[in-house]
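Input: a single structure, listed below in structure tokens.
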Amino acid sequence: MKKKTSVWVLLLAVAIVTAGCETGSQTGQTAQNEQKGATSAQTNGSGTTVDTPETGGQATTDSTIAKVRMDNITALRLIDGQSGWIGGNGWIARTAAAASGSVGSMWNVQYQGQGTVQQIFALNGQQAWAVMADSGSLLGTRDGGKRWEVVGTVPEQGQTGFLHFVSSKEGFSGSQYTKDGGQSWSSLPVPGHMVGQPYYHDRQNGWAVTQDTDRSFQILHTVNGGQKWTTVMSRTTEAPLNGAIIRSVERGNAWIELVGDTGMNQTSYSLWHTADSGQSWRAVLANATAGGGPAPGISQQDNQVAKNEGTAPGMLYPVNSSTAWMGGYCAPCDKPNTIGWTTDGGKTWNNGKQGFDGYGGQQIGMANAKEGWAIFSDSEQAPVMYTTSDGGQHWTQSHVFDKPVASGS
Numbered sequence: 027m028k029k030k031t032s033v034w035v036l037l038l039a040v041a042i043v044t045a046g047c048e049t050g051s052q053t054g055q056t057a058q059n060e061q062k063g064a065t066s067a068q069t070n071g072s073g074t075t076v077d078t079p080e081t082g083g084q085a086t087t088d089s090t091i092a093k094v095r096m097d098n099i100t101a102l103r104l105i106d107g108q109s110g111w112i113g114g115n116g117w118i119a120r121t122a123a124a125a126s127g128s129v130g131s132m133w134n135v136q137y138q139g140q141g142t143v144q145q146i147f148a149l150n151g152q153q154a155w156a157v158m159a160d161s162g163s164l165l166g167t168r169d170g171g172k173r174w175e176v177v178g179t180v181p182e183q184g185q186t187g188f189l190h191f192v193s194s195k196e197g198f199s200g201s202q203y204t205k206d207g208g209q210s211w212s213s214l215p216v217p218g219h220m221v222g223q224p225y226y227h228d229r230q231n232g233w234a235v236t237q238d239t240d241r242s243f244q245i246l247h248t249v250n251g252g253q254k255w256t257t258v259m260s261r262t263t264e265a266p267l268n269g270a271i272i273r274s275v276e277r278g279n280a281w282i283e284l285v286g287d288t289g290m291n292q293t294s295y296s297l298w299h300t301a302d303s304g305q306s307w308r309a310v311l312a313n314a315t316a317g318g319g320p321a322p323g324i325s326q327q328d329n330q331v332a333k334n335e336g337t338a339p340g341m342l343y344p345v346n347s348s349t350a351w352m353g354g355y356c357a358p359c360d361k362p363n364t365i366g367w368t369t370d371g372g373k374t375w376n377n378g379k380q381g382f383d384g385y386g387g388q389q390i391g392m393a394n395a396k397e398g399w400a401i402f403s404d405s406e407q408a409p410v411m412y413t414t415s416d417g418g419q420h421w422t423q424s425h426v427f428d429k430p431v432a433s434g435s
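The sequence shown begins at 27 in this note's numbering and counts up one residue at a time.
The following block contains the structure:
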């Protein structure tokens, strides 16, 4: 029996994330190679290619290729239903639509360097950014990943925030704001007593969760760049919040996950949604657990709110004002990962019928309401990628990555 992860929330904080959305001098081997000469592709043991120059530049050796092991996927971002980026310990790779083979069956390693990729955000198929954990280095590409280079540093206050850009120049990460593509950052106003990170949808509109006492919490909204924060929801709770994850995919629209207590491999949480700038709220999920207690903001006796599968929350991924996805995690279960969703703004919730292996990180990405990917990692087994084209009704295994070195190659 594997050793199962007991506190999924800690993993979620690294993934999200709240993946999980940095100045230095290293630009990655592939970026250096692109400066001169044409490229040819070499393949390693798991269907992964690494670009190497035929003439000029510094060649990537076979020994370097062997070190690129996709044995733990820490970031995922789709471009569309057929292509996207993933990242791990010291590498970023991309897959694209192919004439034959399943989605994600072949991966091209575009960047090799130091640090673990914490988040990837793609504005489109050409422009993307990646945050490196610990150092906060921000990598960027403007040519679809042919060249990744350090463009700046995400300040410490923003590293745990969700990285997202609204244009090629303007982006946000927690309370941090850039208007030059990530080269420099400035702090945006935030309220006191915050739980988790705030979320600025754009330069004017933002959201935050605060907690003045152990028995209450508030959701706040700003429409003037943080100059004034207005309380749009206030609730009592039986225990203090231990986390908050905010996503806003349209102006005036927000999906907010509130994380409660953890105990006995169980974490209680609730999911809330507004489509009218906080004037009204819908309780989408209320996962109370024996070990974690009541779901935040919802009475233990309230059985009218839907419940997500699993004993702890997985990754939250909204698509639009109507559709959102959320993983579930169950440490004691043989198939610990599940995926649920709503397509009507949270009025109803659908729990998928499939369970997935993997006691490590969980990555979920959606291109639209129908097409999506999910990758589940494990400390002993190789990460596995699944895809759906029917809105989560069915998930198909599309690729198996590398087995962790500790458990054999």
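By construction, the Cβ of each residue, glycine as well, lies at the ideal position given by its N, Cα and C atoms.
Between Pro217 and Asn291, the beta carbon gap of about 33 Å keeps them out of contact (Cβ cut-off 8 Å). Taking 3 residues as the shortest admissible run, the stretch 246 to 276 contains the following complete beta strand (DSSP E) segments, listed from N- to C-terminal end: 256 to 262, 269 to 273.
Of all alpha-carbon atoms in Val135, Trp367, Gly340, the one lying nearest the alpha-carbon of Ser347 is that of Trp367.
Within its own chain, the residues whose Cβ lies closer than 6 Å to the Cβ of Pro320, once the five positions on either side in sequence are excluded, are Glu264, Ala314, Gln326, listed in chain order. Taking the C-beta atoms as reference points, Gly208 is found no nearer than 7 Å to Val157. Non-local beta-carbon contacts of Gly187 in its own chain, meaning distances under 6 Å to residues more than five positions away in sequence, involve Ser199, Gly200, Gln223 in chain order. For Tyr295, the enclosing beta strand (DSSP E) starts and ends at 292 to 300. Under the three-state reduction of DSSP output, Val221 falls in the coil class, being neither helix nor strand.
About 11 Å separates the Cβ atoms of Ser163 and Thr142, ruling out a contact at the 8 Å cut-off.
The residue from Gly304, Lys195, Pro181 with its alpha-carbon nearest to that of Ala148 is Lys195.
Spatial neighbours of Ala312 in its own chain (CB-CB distance under 7 Å, excluding positions within 5 residues in sequence) are listed in chain order as Ser296, Ala321, Ile324, Asp328, Val331, Lys333. Here the C-alpha atom of Ala301 lies approximately 27 Å from the C-alpha atom of Thr414. Rounded to the nearest whole angstrom, the CA to CA distance from Gly278 to Asn231 is 8 Å. By DSSP's assignment, Ser163 forms a beta bridge with Thr179. Between the alpha carbons of Gln423 and Val129 lies a distance of about 9 Å.
Less than 7 Å divides the Cβ of His425 from the Cβ of Met411.
Taking Trp307 as the centre and dropping the five residues before and after it, the same chain places the C-beta of Met259, Trp298, Thr300 closer than 6 Å to its C-beta, in chain order. With respect to the 7 Å criterion, Trp117 and Gln138 are classified as neighbours on the basis of their beta carbons.
Exposure of Val192 is indicated by the presence of fewer than 16 other C-beta atoms within 10 angstroms of its C-beta. Across the set Phe402, Ala400, Met392, the C-alpha of Met392 shows the shortest separation from the C-alpha of Asp106.
Gly353 sits away from Ile401, with the two beta carbons spaced by 7 Å or more.
Beta-bridge pairing by DSSP links Val157 to Gln145, Leu164.
The beta-bridge partner set that DSSP reports for Glu283 consists of Ile271, Leu297.
Ranked by Cα distance from Glu182, the first of Glu175, Pro215, Trp211, Phe243 is Trp211.
In this structure, the alpha-carbon of Leu342 lies about 11 Å from that of Thr349.
Taking C-beta separations shorter than 6 Å and ignoring five residues to either side along the sequence, the partners of Asn268 in its chain run Val285, following chain order.
No Cβ-Cβ contact shorter than 7 Å links Asp360 with Tyr385. The three-state reading of DSSP puts Ala234 in strand, counting E and B together.
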